[in-house]
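Residue numbers (my numbering): 349 to 908. All residues carry an ideal CB built from backbone N, CA and C; glycine is no exception. The structure displayed is predicted, hence computed values, not measured ones. One structure below.
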Amino acid sequence: MVETEKRQYLRKTRENTYCVLDDYEPQFEVVEISAHGFSFACAHDDARFKENVRLGDISVLNGESQEIIHATGVVRHRSGFDALRDRIGVSFESKRLDNTITGRVRLPRRRPSIELAAHVTAGDRVAGGTVVDYNIRSARLALSTSIELSAGDRVDVYLGAAHRRLYDGSATVVRTRDDASEIVVEFADNLLELRTVSLTEKAMYAREIIDQKRRNLDSFSVVSAEYKALVSDWRMFFEVVEDVLHREEAKGYLLSASDERQFLEEIIPDVFARTREFIAELNRLAPDIPAEHLMLHKQFFRRRLEPFLRRSPLACSIMDKIHGYHGDYETVKQFFSDPYIGPDLFGKLMNRFITSLEPVTAHVNRIAYLYNEICSAYRRSVDGIRILSLGSGPAEEILRLVEANDFDKPIHVALVDVDAHALADFYERIQYHQKPNVSIELVNFNVINILVGKKTDLEPQSFDITYCAGMFDYFKDRFCRKFIEFLADLTKDGGSFYYTNVHSRNFARYFMDYGGGWEIYHRDEQETLALAPPEHPCEVLTDETGTNIYVKGTRSVVNN
349 MVETEKRQYL
359 RKTRENTYCV
369 LDDYEPQFEV
379 VEISAHGFSF
389 ACAHDDARFK
399 ENVRLGDISV
409 LNGESQEIIH
419 ATGVVRHRSG
429 FDALRDRIGV
439 SFESKRLDNT
449 ITGRVRLPRR
459 RPSIELAAHV
469 TAGDRVAGGT
479 VVDYNIRSAR
489 LALSTSIELS
499 AGDRVDVYLG
509 AAHRRLYDGS
519 ATVVRTRDDA
529 SEIVVEFADN
539 LLELRTVSLT
549 EKAMYAREII
559 DQKRRNLDSF
569 SVVSAEYKAL
579 VSDWRMFFEV
589 VEDVLHREEA
599 KGYLLSASDE
609 RQFLEEIIPD
619 VFARTREFIA
629 ELNRLAPDIP
639 AEHLMLHKQF
649 FRRRLEPFLR
659 RSPLACSIMD
669 KIHGYHGDYE
679 TVKQFFSDPY
689 IGPDLFGKLM
699 NRFITSLEPV
709 TAHVNRIAYL
719 YNEICSAYRR
729 SVDGIRILSL
739 GSGPAEEILR
749 LVEANDFDKP
759 IHVALVDVDA
769 HALADFYERI
779 QYHQKPNVSI
789 ELVNFNVINI
799 LVGKKTDLEP
809 QSFDITYCAG
819 MFDYFKDRFC
829 RKFIEFLADL
839 TKDGGSFYYT
849 NVHSRNFARY
859 FMDYGGGWEI
869 YHRDEQETLA
879 LAPPEHPCEV
889 LTDETGTNIY
899 VKGTRSVVNN
């Protein structure tokens, strides 16, 4: 094997090398190896390896447990290695090399995972620094103060981490940088105990992690005791429910999805009632949390309850925002799917609870409201109607409209959304329900363009109904007014424009925010109605849960 190949192979085998000797147990760590022999470490009290003992079956394994040498040999010497082990030197009698080298193996150098302190003393000159890399015989040191040294100089070296001494003894300078900022030393008194160094590094790293987490915990000192008690009780309740459901599931008597659903329906009333009590208590405490401590309170809540909430697929979609924004079409579609989904019984229960909350129910009610308004307008029309939905999302109301009805008059629907994936998803679903007199227009348009006054290809005053359902929850008042003006401009004289907003009395508002990071602008009836242009008469109402506000405006003929 050529020299280049030897070095390439050595780079692949940087892990510890071990040997297996005859029938002896266990494997032994190889300290050094050459074409003529090798040395390994064994316990002080292991008396089997005395001088001249013959080893008839030697197998040397690399870091990937591949055999690189198979040989026979004889023990030639035994000396101290570290505090617990001796070093045994063996010469080969016969050997077979496989994927290895003929010549001395270059020991791999390791970079410390934490800072290892170094002190170098040469007479009355002292320099401090850190360890750059090391192996069992040498170390490369970066010195913070320059000290004049040359190759061959004898120095005293101390290496340590925190209060752990890793090496303290003589060493020989092998080479130096021209600026004396870095030197390589070879240990003279002892070999470096690599395992001790490795364990120290790992322990120090673990200590840093513990200290970091402790500091994080200390930051929660501003969280009130009452709030902490609420979240802790909430978590314990979820733990109890999870444990009971896991035990029942393990018994194996729930044989089908129907069995699981019937089982869960029996326990839902009590579990949901208790969980809503926790939400009510959160609603009581949240308004008094100082703004500067709000984020810490949310973090405290999520760290303790998120593992349970994430068992719900819907909660995962809400928290992860896989399309980059809240209320994306994939999340909303789950509002209309089977609520009893999840990885296990507890996950199904949690998903069922999330779908039972007022904001989800109100969204479903909103679809029914829009569906009924569109159907009513269509029945009253003479020549059919044209509809536009701004921020259409999954457009469930339009899908339901086309699926459930036949049309003897034309109906045109323009769906406007910034998310091209939402429009593509709607097209994928609607193409199986194509019907006469129905035309669908998909418009990929960023609503921010409305705010900056950018024109669209949509003809003004060309739609009988325009609406924006759900988008205002994410925008400030001045932006919402721009959107309403956009809708009103596209609406025919005497036609209707609609917009919605989540009510400020939303029971789950803090649970949505603290648990799912779903932050929205809540408004009451007066605040929502005040967004509309004064020249167009409007009426306001809420859904049956009291969570969603609907505003219906009529474009005034006077503004023709």
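Going by the DSSP bridge assignment, what does residue i pair with across the sheet?
{"i": "Asp430", "result": "The partner list for Asp430 (beta bridge, DSSP) is empty, contrary to what the question assumes."}
{"i": "Ala389", "result": "Glu377 and Arg435"}
{"i": "Ala490", "result": "Thr478 and Glu530"}
{"i": "Phe811", "result": "Thr839"}
{"i": "His425", "result": "Gly437"}
{"i": "Asp765", "result": "Asn792"}
{"i": "Leu507", "result": "Ala466 and Tyr515"}
Taking the continuous beta strand (DSSP E) assigned at residue i, which residues delimit it?
{"i": "Ser844", "result": "Thr839 to Val850"}
{"i": "Lys576", "result": "Careful: Lys576 lies outside any beta strand (DSSP E), inside the alpha helix (DSSP H) at Ala573 to Ala598."}
{"i": "Thr895", "result": "Neither: Thr895 is in no beta strand (DSSP E) and is coded neither H nor E."}
{"i": "Ala634", "result": "Careful: Ala634 lies outside any beta strand (DSSP E) and carries neither H nor E."}
{"i": "Ser665", "result": "First-last for Ser665: Pro661 to Asp668, but that is the alpha helix (DSSP H), not the beta strand (DSSP E)."}
{"i": "Ile733", "result": "Ile733 to Leu738"}
{"i": "Asp405", "result": "Arg402 to Leu409"}
In chain order, what residues of the same chain lie with their CB nearer than 7 Å to the CB of residue i, ignoring the 5 residues before and after it?
{"i": "Lys599", "result": "none"}
{"i": "Val533", "result": "Ser486, Ala487, Leu489, Val503, Val505, Ala519, Thr520, Val521 and Val522"}
{"i": "Arg829", "result": "Leu879"}
{"i": "Ile798", "result": "Lys830, Phe831 and Phe834"}
{"i": "Trp582", "result": "Phe626 and Leu653"}
{"i": "Asn907", "result": "Legend: pLDDT at Asn907 = 46, less than 50; position of this residue unreliable, value from coordinates given subsequently. Closer than 7 Å at the Cβ level, and outside the excluded window around Asn907, lie Glu883."}
{"i": "Asn691", "result": "Just to set this straight, residue 691 is Pro in the shown sequence, not Asn. The answer, listed in chain order, is Arg659."}
To which residues of the same chain is residue i closer than 6 Å at the C-beta, ignoring the five residues directly before and after it?
{"i": "Gln375", "result": "Tyr366 and Val368"}
{"i": "Glu608", "result": "Leu602"}
{"i": "Asp891", "result": "Ala710 and Asn713"}
{"i": "His418", "result": "Ser407 and Arg444"}
{"i": "Val480", "result": "Arg488 and Ala490"}
{"i": "Tyr862", "result": "Lys646 and Phe649"}
{"i": "Thr548", "result": "Ala509 and Arg512"}
{"i": "Phe845", "result": "Thr814, Leu835, Ala836, Thr839 and Gly901"}
{"i": "Asn631", "result": "Tyr858"}
{"i": "Leu697", "result": "Leu612"}
Find out if the Cβ-Cβ distance for the pair residue i, residue j is shorter than 8 Å.
{"i": "Asp676", "j": "Asp767", "result": "yes"}
{"i": "Thr848", "j": "Tyr898", "result": "yes"}
{"i": "Ser387", "j": "Val422", "result": "no"}
{"i": "Ile702", "j": "Ala663", "result": "yes"}
{"i": "Ala528", "j": "Leu497", "result": "yes"}
{"i": "Ile759", "j": "Tyr726", "result": "yes"}
{"i": "Ala770", "j": "Gly801", "result": "no"}
{"i": "Asn699", "j": "Ser660", "result": "yes"}
{"i": "Pro707", "j": "Met860", "result": "yes"}
{"i": "Gly517", "j": "Ser492", "result": "no"}
{"i": "Ala551", "j": "Thr524", "result": "no"}
{"i": "Val931", "j": "Gly739", "result": "Here the chain has residues from 349 to 908 only, and residue 931 is not among them."}
{"i": "Phe755", "j": "Leu763", "result": "no"}
{"i": "Arg777", "j": "Leu736", "result": "no"}
{"i": "Lys757", "j": "Asn785", "result": "yes"}
{"i": "Arg730", "j": "Lys783", "result": "Checking the displayed sequence, the identity of residue 730 turns out to be Val instead of Arg. No, the Cβ-Cβ distance between Val730 and Lys783 is not below 8 Å."}
Tell me whether residue i is buried or exposed, calling it buried when 16 or more other Cβ atoms sit within 10 Å of its Cβ.
{"i": "Tyr673", "result": "exposed"}
{"i": "Thr469", "result": "exposed"}
{"i": "His645", "result": "buried"}
{"i": "His851", "result": "buried"}
{"i": "Lys824", "result": "exposed"}
{"i": "Ile557", "result": "exposed"}
{"i": "Asn896", "result": "buried"}
{"i": "Leu889", "result": "exposed"}
{"i": "Asp805", "result": "exposed"}
{"i": "Tyr575", "result": "buried"}
{"i": "Tyr780", "result": "exposed"}
{"i": "Met819", "result": "buried"}
{"i": "Pro460", "result": "buried"}
{"i": "Val905", "result": "exposed"}
{"i": "Gln560", "result": "exposed"}
{"i": "Gly843", "result": "buried"}
Excluding the 5 residues preceding and the 5 following residue i in the sequence, name in chain order all residues of the same chain whose CB lies nearer than 8 Å to its CB.
{"i": "His641", "result": "Val570 and Val571"}
{"i": "Glu629", "result": "Leu578"}
How far does the alpha helix (DSSP H) with residue i in it reach, from first residue to last?
{"i": "Leu693", "result": "Leu693 to Ser704"}
{"i": "Val800", "result": "Segment: none, Val800 is in no alpha helix (DSSP H) and carries neither H nor E."}
{"i": "Leu657", "result": "Leu642 to Leu657"}
{"i": "Asp909", "result": "In the structure as shown, the chain starts at 349 and stops at 908, and residue 909 therefore has no counterpart that could be examined."}
{"i": "Thr679", "result": "Tyr677 to Gln682"}
{"i": "Thr548", "result": "Leu542 to Ser567"}
{"i": "Ala752", "result": "Glu744 to Ala752"}
Does the CB of residue i have a neighbour CB from chain C at under 8 Å?
{"i": "Met819", "result": "In summary, chain C is missing from the structure at hand, where a single protein chain is found."}
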